[in-house]
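**Q** Residue numbers (this note's numbering): 19 to 123.
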């Protein structure tokens, strides 16, 4: 809704959900997927984000919109993972990015 702190001052006459918040949500989602994907008892305890690449904002997100985040693994090398994801509102892509992360103890 318009009363959420993320909309305060962004922008007063035309409120738009900040793109950086969408990127943060994509990175957090990627981290959870990475941790849940590791099998065995040696689960990683920390996720360090390394890169945000190919970030694009396609459409503005307005107060009242519900954002769905879709992330998938696109590569892995030892403790480093790469993901591609998008943010959607009513089935329409509003943002997308590639995220690189390192999972570690």
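For every residue, glycine included, the Cβ atom is placed at its ideal position computed from N, Cα and C.
Per the contact definition of three or more C-beta pairs closer than 8 Å, is the segment 30–42 in contact with the segment 88–101?
**A** Contact between the segment 88–101 and the segment 30–42 is absent, because fewer than three Cβ pairs lie under 8 Å.
**Q** Let's test the definition: count the other Cβ atoms within 10 Å of the Cβ of residue 49 and tell me whether it reaches 16, buried, or not, exposed.
**A** That one is buried.
**Q** Going by alpha carbons, who is nearest to residue 63 out of 69, 76 and 55?
**A** It is 55 whose Cα lies nearest to the Cα of residue 63.
**Q** Residue 122 lies in the beta strand (DSSP E); which residues open and close that run?
**A** First-last of the beta strand (DSSP E) with residue 122: 110–122.
**Q** So, with DSSP's three-state summary, where would you put residue 37?
**A** Three-state result, residue 37: helix.
**Q** Please report the distance separating the alpha-carbon of residue 87 from that of residue 116.
**A** Rounded to the nearest angstrom, the two C-alpha atoms are 13 Å apart.
**Q** Which of the three DSSP states, helix, strand or coil, is assigned to residue 105?
**A** Looking at residue 105 - three-state DSSP - the assignment turns out to be strand.
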